[in-house]
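Positions 21 to 211 (this note's numbering) are the ones given, in order, by the first sequence.
From the three backbone atoms N, C-alpha and C, an ideal C-beta is built for every residue, glycine too.
Note that the structure is a prediction, hence the values are computed from the model and not measured.
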Amino acid sequence: MILPRDFYFRPVQSVARDLLGKRLTHLISGQRVGGIIVEAEAYDGEQDLACHARVGKTERNKVMYSQGGHAYVYFTYGMHWMLNCVTGETGYPSAVLIRAIAPTDGLEFISVQRPNVQEKQLCNGPAKLTKALAITGELNGSDLCDPDGALFIEQGEAISDNNIRITPRIGIQTTPEPWLSKPWRFVATLS
DNA sequence: TCTTCGATTGTCT
DNA sequence: GACAATCGAAGAA
């Protein structure tokens, strides 16, 4: 059961929190590869100086300005892909960075993608999970609400508030306050 | 266990 | 020409 587009038409912080426990799937040659989302971060518009859209609309970040429910996939550090879910109405650049999942489907595919890696470390980072699920720039702009698409997010398990940790965002060291300390990272604690 | 640092390229100024 | 929403290896303690 794929999440309806309405799910993404809410404040990006709410979407980030509620994505925890949902099921991310990449369909590869008909095979389901994916897992449960356990970590996500919110990036909220041009005023958020940690958000790519802080410099306005560019060729790179234009997908963030599209309608909620689409995938924003970008390349960074010369070697890593990152996966985001666009939120909000067309024209408002906000998105949720998917930072980690607990893999449940296509484990043999994942182990080929990430050889010699302990199970717990397979998808516990934003670049790790894109590598594990073979997500690249080809999927940039994909509609996550399309049941015939290759990449989609389905209803999963509800995560209660006392199983969620909220912290500042990671990897934005050069971002000035107050954005640096915004509690916009959501982590589902296992068990 | 903790900290430092190299890899590697698309994108923006 | 600078640097990035990172990772993992290597070295120190």
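- A distance of 8 Å or more separates the beta carbons of N183 and V93.
- Taken atom to atom, the span from the alpha-carbon of R119 to that of V106 is near 14 Å.
- Residue state for D64 is assigned as strand, using DSSP reduced to three classes.
- By the Cβ test, the stretch 128–146 is not in contact with the stretch 74–81, since fewer than three Cβ pairs between them sit closer than 8 Å.
- Relative to D181, the option among L40, A152, Y28, T156 whose CA is nearest is L40.
- Residue environment: G108 is assigned as buried (16 or more neighbouring CB atoms within 10 Å of its CB, all protein chains considered).
- DSSP places V137 outside any beta strand (DSSP E), giving it a letter other than H or E.
- Under the Cβ criterion (8 Å, minimum of three pairs), the stretch 183–192 does not count as touching the stretch 120–129.
- Contact between the stretch 126–138 and the stretch 57–73 is absent: fewer than 3 CB-CB pairs across the two stretches fall below 8 Å.
- Nearest to Q33 by C-alpha distance, out of G55, S114, A178, is S114.
- G54 is bridged by DSSP to T45, D125.
- Taking C-beta separations shorter than 7 Å and ignoring five residues to either side along the sequence, the partners of T96 in its chain run M102, following chain order.
- With 16 or more neighbouring CB atoms inside 10 Å of its own CB, G126 falls in the buried class.
- Excluding residues up to 5 positions away in sequence, A36, V116, L117, R119, R189, I190, W204, R205, F206 lie with their Cβ nearer than 8 Å to the Cβ of E61 in the same chain.
- In the structure shown, the three-state DSSP call for F27 is helix.
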